[in-house]
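Protein chains in written order, with this note's numbering: chain A, 1 to 147; chain B, 1001 to 1147; chain C, 2001 to 2083; chain D, 3001 to 3083. Where a beta carbon is used, it is the ideal one built from N, C-alpha and C, also for glycine. Just so we're clear, the structure is a prediction, and the values are computed from it rather than from any experiment. Notes follow once the structure below has been shown.
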Amino acid sequence: MIAIRIQTGDFDIAAEIAKLDAENTGAVATFTGKVRKEGDLTALTLEHYPQMTEREIARIAGDAQTRWPLLGVTIVHRIGRLLPGDKIVLVAVAAQHRHAAFEACAFLMDYLKTRAPFWKQEERGGKTQWVEARESDDRAAGRWRDK
Amino acid sequence: MIAIRIQTGDFDIAAEIAKLDAENTGAVATFTGKVRKEGDLTALTLEHYPQMTEREIARIAGDAQTRWPLLGVTIVHRIGRLLPGDKIVLVAVAAQHRHAAFEACAFLMDYLKTRAPFWKQEERGGKTQWVEARESDDRAAGRWRDK
Amino acid sequence: MTLLYFAWLRQKTGRGEEQLSLPADVKTVSDLVLFLKKRGGGFEDAFADLRRLRVAVNQDHSGWDTPLRDSDEVAFFPPVTGG
Amino acid sequence: MTLLYFAWLRQKTGRGEEQLSLPADVKTVSDLVLFLKKRGGGFEDAFADLRRLRVAVNQDHSGWDTPLRDSDEVAFFPPVTGG
């Protein structure tokens, strides 16, 4: 019911949804994060903490399951060097009704952004630089605490 | 930038996302509605008001564009006789950032449910019955009024 | 004018579409509903409870007091259930 | 114990991983940070501002006052930026 994969290769959204589908699924919400083509950005390299990543994501997904009645959760996160236009992350959630699917999908993304041990390094004009965490992501995750 | 299709045939989510993608897309949120397999439901037949449907959906999509900075919106709604497990509707939204994509996608679904001229007829055990509108859908659409 | 009926209204009225010359005493959608109910039978039944109905004039969701012209397209239907 | 360093901490400390016998005066993560800073150079620089750092003990996000044992895996990293 919960599928988590960390991989260097690309993923196929339609195939992931097809695998996720339960018989009584009425609603599937997905989120796909991509490397934006912007300015002089030439690549993004994602590093992670292998021993911790799947565990932490499983914890986040388990938390989502206790909050909403979900039929399936698939999370695929890529690592390694990605180019502008490449997909980075997929979160797909199946539920009977749409509000559970939408909310759980947004919740999972907010927590992936603030809890899952990934770090991004940008390449711009031949130079590399680590991406700084954004306070807006912490705020976004914080909004679920009182719910 | 806004693509709206009403069709009897199925759709391919990955292909729709690929067509939707702008160069500076960082976030794609999708919603897929399906015919749930439940009880003695054998089919669902969707009727619509052809002269009005695309116009009304375009209006709803235009409204979403004024509320959030969106890079692309695709809405595909099927009509005709569908079987349990079949996809009914796809809403896909591309934006630079995830919150715009998520919120616009949820907004579009809430408004499709309450404004777009579609009607569902269920077949159960050889008998047909029109599906009643749900008050919860009106409430869901209502929550966007003050935003 | 063109009148359209959808979902169970189509079934109760026995038709999906009809052409009608705007009757002299019909100024608004409400007037048109009264006119149609006078036909009796399925029409009286279909329009018995306006709270269960919606109307669109020229493909716009509209209210019962919307003024009508002979060139209008008026559609009657139950609350929508798509998506 | 196993120490791990990620992102720019790995670059500043010059290593991704090291094995260390728990020093006698190190009871918590804070103590361990002080011990590592005493190495000077890249370590002093890496741990200069704890507000810019996070720690996980045995793969759990943890606080600076978390008690440590010799069998622990302690990972230092900047705030995460995945997704």
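From the DSSP output, in three-state form, read off Y1111 of chain B for me.
helix
Please name the residue or residues paired with T3028 of chain D in a DSSP beta bridge.
D:P3067
Using DSSP's beta-bridge definition, name the partner residues of T3002 of chain D.
D:Q3019 and D:E3073
Of the residues that make up the region 102-114 of chain A, which ones have a beta carbon closer than 8 angstroms to any beta carbon in chain D?
From the region 102-114 of chain A, only M109, L112, K113 and T114 have a Cβ closer than 8 angstroms to chain D.
Does the distance from the CB of C1105 of chain B to the CB of V1091 of chain B come in under 7 angstroms?
Contact: yes.
Assuming V28 of chain A contacts A94 of chain A (C-beta within less than 8 angstroms), just tell me the rounded distance between them.
5 angstroms
Which value, in whole angstroms, describes the spacing of the CA atoms of I60 of chain A and D2031 of chain C?
58 angstroms
So, does the CB of R36 of chain A fall closer than 7 angstroms to a CB anywhere in chain B?
yes
Any Cβ of chain A within less than 7 angstroms of the Cβ of V1028 of chain B?
yes
Let me check one thing: in DSSP terms, what residues is V2080 of chain C bridge-paired to?
None, per the DSSP bridge assignment.
Just how far apart, CA to CA, sit S2071 of chain C and V2055 of chain C?
16 angstroms
Hey, could you find the ends of the alpha helix (DSSP H) T1030 of chain B is sitting in?
Note, T1030 of chain B: premise wrong, no alpha helix (DSSP H); beta strand (DSSP E) at A1027 to K1034.
Could you have a look at G39 of chain A and say whether DSSP puts it in helix, strand or coil?
coil
Can you name the start and end residues of the beta strand (DSSP E) that Q2011 of chain C belongs to?
No beta strand (DSSP E) contains Q2011 of chain C, which is instead part of the alpha helix (DSSP H) from W2008 to T2013.
From B:P1117, B:Q1129, B:L1041 and B:T1074, pick the residue whose C-alpha is nearest to that of L1083 of chain B; which is it?
B:L1041
Check whether the region 2055-2067 of chain C touches the region 2007-2023 of chain C, counting contact only when three or more Cβ pairs, one atom from each stretch, lie closer than 8 angstroms.
no
K3012 of chain D and G3040 of chain D look like a contact to me (Cβ under 8 angstroms); what is the Cβ gap, rounded to whole Å?
With a Cβ gap of about 12 angstroms, K3012 of chain D and G3040 of chain D do not count as contacting.
Using a Cβ-Cβ cut-off of less than 7 angstroms, list which residues of the region 1064-1083 of chain B approach chain C; keep chain order.
Residues passing the 7 angstroms Cβ filter: H1077.
According to DSSP, simplified to helix, strand and coil, what is L1083 of chain B?
coil
Would the region 1042-1054 of chain B count as touching the region 39-58 of chain A if we require 3 or more Cβ pairs under 8 angstroms?
no
What residues of chain A sit near I1013 of chain B, judged by a beta carbon separation below 7 angstroms?
I13, A14 and I17
Using the C-alpha atoms, what's the distance from F3076 of chain D back to V3029 of chain D?
10 angstroms
For the candidate residues D:E3073, D:R3015 and D:V3080, whose alpha-carbon lies nearest to that of T3002 of chain D?
D:E3073
Quick one: what's got a C-beta closer than 6 angstroms to W1130 of chain B's C-beta in the same chain, skipping five residues either side?
Sequence-distant partners of W1130 of chain B (beyond 5 residues in either direction) whose C-beta falls short of 6 angstroms from its own C-beta, in its chain, are Q1121.
Just to confirm my understanding: we take L2052 of chain C, look at its own chain, exclude 5 residues before and 5 after, and list those with CB closer than 8 angstroms. What are they?
Here residue 2052 of chain C turns out to be Arg, not Leu, going by the sequence shown. Hits under 8 angstroms: P2078 and P2079.
One question on the structure: do I1004 of chain B and I1079 of chain B come within less than 7 angstroms of each other, judged by their Cβ atoms?
no
In chain B, which residues lie with their C-beta within 9 angstroms of the C-beta of E23 of chain A?
R1036, K1037, E1038, P1084 and G1085
Compare the Cα-Cα distances from P1177 of chain B to each of B:G1125, B:A1015, B:P1117 and B:A1022 and report the closest residue.
With chain B running from 1001 to 1147 in the structure shown, residue 1177 of chain B is simply not present.
Check distances from the C-beta atoms of the region 1121-1141 of chain B to those of chain A and list, in chain order, the residues that come in under 8 angstroms.
For the region 1121-1141 of chain B, which is checked against every Cβ of chain A, the residues closer than 8 angstroms are A1140.
Against L46 of chain A, what residues of chain D qualify as contacts under a CB-to-CB distance less than 7 angstroms, listed in chain order?
G3082
If you measure from the beta carbon of P50 of chain A to each beta carbon in chain D, is any gap under 7 angstroms?
no
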